[in-house]
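Input: a single structure, listed below in structure tokens.
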Amino acid sequence: MEKDIFKVKKTLQTNDGNYTYYSLTELQNNGYEIEKLPFSIRILLENALRNYDGFSVTEENIKTLLNWKPKGTDKDIPFKPARVLMQDFTGVPAVVDIASLRAEVARKGKNPDAINPLVPVDLVIDHSVQVDYFGTEESYSRNMDEEYKRNKERYQFLKWAQNSFDNFSVVPPGMGICHQINLEYLSKGVIKRNEEIFPDTLVGTDSHTPMVNGIGVVAWGVGGIEAEAAILGQPLYFIMPEVIGLKLTGKLPLGSTATDLVLTIANLLRKFGVVGKFVEVFGSGLADLSVPDRATIGNMSPEFGSTITYFPIDDKTLEYMRKSNRSEMQISLVEKYCKTNMLWRENEDKITYTDVLELDLSTIEPTVAGPKRPQDKILLKDFKNTFIDLLHTSFNRKYIQPEDRESESSITRFDNEGGDLPVPKSEKKPLNAEIEAKEKDGMKTVWITRGDEKFMLSDGSVAIAAITSCTNTSNPFVMIGAGLVARKARERGIDVKPWVKTSLAPGSKVVTDYLEKADLMKDLEALDFHLVGYGCTSCIGNSGPLEPKISKAVDDYNLIVSSVLSGNRNFEARIHPQVKMNFLMSPMLVVAYAIAGRVDIDLTTEPISYDSNQEPVYLKDIWPTDDEINEILNRVLSPTDFAKNYGEIFEGNEIWKNLEVPIGKLYDWDKDSTYIKEIPFFHNISAQTEPLQDIENARTLLVLGDSVTTDHISPAGAFSENSAAGKYLLSKGVQKENFNSYGSRRGNDEVMVRGTFANVRIKNKLAKQEGGYTSYLLSGEEMSVYDASVKYKEAQIPLLVLAGKEYGSGSSRDWAAKGTFLLGIKAVLAESYERIHRSNLVGLGVLPLQYKEGDTAEKLGLTGKEIFSITGIANDITPLKEIEITAKSENGKEIKFLVIARLDSLIEIEYYRNGGILQYVLRQFLEK
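Right, dumping it as structure tokens:
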């Protein structure tokens, strides 16, 4: 079959030979207006041209891309990524799925060896390290030891996969965070494969995959299910995206950072509405934005809702590639290919975008975001007053100024101080701590005596201060800046408060190398920001426990304590279940608030603390200048650091090297394992699909509000012995101290289905209790969501979920869809969906339904206690079809209304008909 149907295949001469490529320049010469297309659409077009096969990628698909319209279209397009990135929380269940596919293929008498990744897969183990130990030199090694103890079986399974699958590499624990490793090492810009050259593209099983948009790589996050399909050679299909142009002008002012910029952009774009759209950045402001600055913005694409935030390749890209030790041959290839093939950032004025937003970088001010959504921007100068308002509006507590709270004569106090001055620090041992509580006008204050220390915790105290996440630790400017804040604080004789749990968890070992060379590690360590691990830690909820007496005080007296972190997510109960307010900020501000010890302080006007001479110290006194930071950057950043660390990236420590793993192409499932279990989706799958059925006499399992995240649906953190998952593990002989986290248990469906909708902060309108409860509508009894689902299954009653806007926002968490399916939920009805979760629901055979514009459960008078019948599925289902729902209330009244079936394309209908995308792939394979 002729693949080059547009006759644009050309040859490019490079330093290491001649390679073919599909020429966009030739299309331009042939009359197609490629120069008007956004760069991101050009890359999708090249992808379709190169992967044309007349079946999964058709001529119509290519023409749809060639004729891209700014206002969008309802036509779907295919995309075949060059590679796939995974982290271990999403990677383990994906590998379980593929191993389960192999098992079913073997049961059907076929060759299981044929189930193999068809594109390169890199899995980085970064999500499992937890901050159990902090504030000492041994923190890193002790946390690593605990990580291996908890996760040995999971790691043996991943090492088995590395040995058993082709095209599958594993980066062992303790090496870094997947997105930072992707930015600093894995991303090539342009790929050579099979004598062809083409743009580097990927999908990742983590929503922050767009971080590498900052280095000119088109990439986005998908659910594990979609990633598995891509791994097995299936194109990903999606509706042709609109592309929003973000025009940057000006230059960041002194004192403002890339973190302040990205939090401003998150607020701007979330308000504008870019969910499911591409964002492409252009304008003169890019001239002064480094690749790490750009990557910080790309990283937070899911926080403002866009699929990607693309930065086309330019001189800044090549500059970063050189600094991060890419070879001169590779850099030359990237430059020549992009300039030859209309993928170099130039002629921006000719591009047509759907809409254009403008942002003057000179207007950016120091910013934080929170307390529970990343897009909720707060200017630093407004932070204290905003906290006071939140305390009243969210928790009905009247704010009391620190000097007016219940005083304690045994501790020296100064007017307007930035936190309290304890006696000299102890070794953080919880020595027979005593707790005294005070309450004044509803605001809580607790005095804690710990050894020779006595200190005050109040609403607004900082319980966790974490320099964490690839979002910011990939950016040397803000990391050097944090080190300098620590150094200047030491020079002024001020320290972090004793109740603050501090941590430093960079996304790669390069960070600690340059901090060491700059002699800044000792300054961070002096303020207890010791290295705790190279992984996601607090950003994904692996903050570890609070100190016991602080934990008890928070629980017993219902304190509203806060976390400050340099991460990208701050959803309810994500950072720590006891911490109700979470604020995102730069690493420099994290250090500052750890010193202040509280967020109810105006760091722009109030002293952050007092030195030993009782002199006030202000934030401006310890804030470094840009020149100070840049001088150190130029001195310590070196390609040799990247060469050293990435030269040994796949080796791991001695524990990893000595892990014993099973052999063989089929995994030997252990029926007693509570970590790894064959998924039940494929077992004895039928050769043919069953006819689609309408959903009759369904009941509602949950009625939820707006902005329900995948953290709410499928939490990743710790869980109690009283939860459904905890009770299950106890029944299997697992002690509470060995529960680990939901995220680490994603290879076992029995644990995960019990954890679905079990977030301690989820609010179900069908239950009086918060956190994973519902009413079993046949009796009215309140019980756990899981226990109710079992009863409904026994009664053979299908289930629904009713939800509001932005359902499924947050992480690309396939277990949020898998758990939904396993609970017996047949459909979700929401006002709107976040892109990845809607796709994941389809990929599991759960029908996403959307209210018509203007309709909501409230407007229609739905309570969730009705009996629902959904018709129009069985006959002539088409993309975005309107189907009818009849809801019969308890008094017999019927409410009829139309909704949109969010099966957005013909291929999604096929996935739904097959019960899921992997079932579709498996049946296709078995037919051959």
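Counting in the working numbering, the final residue of the sequence shown is number 1657, and the numbers go up one at a time with none missing. Think of the CB as a built atom: it goes at the ideal place given N, C-alpha and C, for glycine as much as any other residue. Only a predicted model underlies this, so the values are computations on that prediction, with no experimental measurement involved.
Problem set entry | Between the CA atoms of residue 1566 and residue 1648 - distance to the nearest angstrom | 18 Å
Problem set entry | Proximity to residue 1378 [Cα-Cα], best of 901, 884 and 806 | 901
Problem set entry | Length of the line joining the Cα atoms of residue 1545 and residue 1367 | 42 Å
Exercise. Is residue 1232 helix, strand or coil when you go by DSSP?
Worked result: strand
Problem set entry | N-terminal and C-terminal residue of the alpha helix (DSSP H) that residue 1630 is part of | Residue 1630 -> not in any alpha helix (DSSP H); beta strand (DSSP E) instead, spanning 1623-1630.
Exercise. Considering only residues of the same chain and omitting the five flanking positions on each side of residue 1067, which have a CB-CB separation below 6 Å?
Worked result: 1042 and 1073
Problem set entry | residue 1014 classed as buried or exposed, judged by whether at least 16 other C-beta atoms fall within 10 angstroms | buried
Problem set entry | 6 Å CB neighbourhood of residue 1187 in its chain, flanking five on each side removed | 1174
For this session: With residue 807 as the anchor, note down where its beta strand (DSSP E) starts and where it stops.
Result: 805-808
Exercise. Is it the case that the Cβ atoms of residue 1338 and residue 880 are separated by a distance below 9 Å?
Worked result: no
For this session: Can you give me the Cβ contacts of residue 885 inside the same chain, cut-off strictly under 6 Å, excluding the 5 residues immediately before and after it?
Result: 1388 and 1390
Exercise. Roughly how many angstroms lie between the CA atoms of residue 745 and residue 841, to the nearest whole one?
Worked result: 38 Å
Problem set entry | Three-state class that DSSP yields for residue 1110 in the structure shown | helix
For this session: With a cut-off of 8 Å on the beta carbons, I'd call residue 1706 and residue 876 a contact; round off their distance for me.
Result: The displayed coordinates of the chain run from 730 to 1657. Any statement about residue 1706 would go beyond what the structure contains.
Problem set entry | Reduced DSSP secondary structure (H/G/I, E/B, other) of residue 1550 | helix
Problem set entry | residue 1155 versus residue 1228 - alpha carbon distance | Annotation note: pLDDT 35 at residue 1155 (below 50); position unreliable, coordinate value reported separately. Taking the straight line joining both Cα atoms gives about 11 Å.
Exercise. Thinking C-beta only, is residue 919 closer than 9 Å to residue 794?
Worked result: no
For this session: Starting from the N-terminal side, write out each stretch of the beta strand (DSSP E) that is 3 residues or longer and does not extend beyond the region 912-946.
Result: 919-922, 925-928 and 930-933
Exercise. What are the start and end residues of the beta strand (DSSP E) that includes residue 1510?
Worked result: 1510-1513
Exercise. Cβ of residue 1025 within 9 Å of Cβ of residue 988?
Worked result: yes
Problem set entry | Residue from 852, 1070 and 962 with nearest C-alpha to residue 740 | 1070
Exercise. Just curious, the alpha helix (DSSP H) that residue 882 is in, first and last residue?
Worked result: 868-893
For this session: Have a look at 1236, 1225, 1126 and 1350 and flag the residue whose alpha-carbon is nearest the alpha-carbon of residue 1296.
Result: 1236
Exercise. With residue 1319 and residue 1221 assumed to form a contact (beta carbons below 8 Å), what rounded beta-carbon distance in angstroms separates them?
Worked result: Residue 1319 to residue 1221, Cβ: 18 Å. No contact.
For this session: Identify every residue that forms a DSSP beta bridge with residue 976.
Result: 1011 and 1087
Exercise. Thinking just about the alpha-carbon of each residue, which of 1191, 1243 and 1254 is nearest to the one in residue 1280?
Worked result: 1191
Exercise. In chain order, what residues of the same chain have a beta carbon less than 6 Å from the beta carbon of residue 1385, not counting five sequence neighbours either side?
Worked result: 901
Exercise. Is the region 976-994 close to the region 1569-1585, with three or more CB pairs under 8 Å?
Worked result: no
Exercise. Expressed to the nearest angstrom, what Euclidean distance is found between the alpha-carbon atoms of residue 934 and residue 1006?
Worked result: 19 Å
Exercise. What is the DSSP secondary structure of residue 1542, reduced to helix, strand or coil?
Worked result: coil
For this session: Could you pull the start and end residues of the beta strand (DSSP E) that residue 746 belongs to?
Result: 746-751
Exercise. Roughly how many angstroms lie between the CA atoms of residue 1395 and residue 785, to the nearest whole one?
Worked result: 29 Å
Problem set entry | residue 1012 versus residue 1568 - alpha carbon distance | 33 Å
Problem set entry | Contact set for residue 1171: own chain, Cβ-Cβ below 8 Å, skip 5 residues either direction | 1125, 1126 and 1127
Problem set entry | CA-to-CA distance, residue 1098 to residue 1108, given in whole angstroms | 8 Å
Exercise. Nearest to residue 693 by alpha carbon, out of 762, 753, 1445 and 764?
Worked result: The question about residue 693 has no answer, for the chain in this structure spans 730 to 1657.
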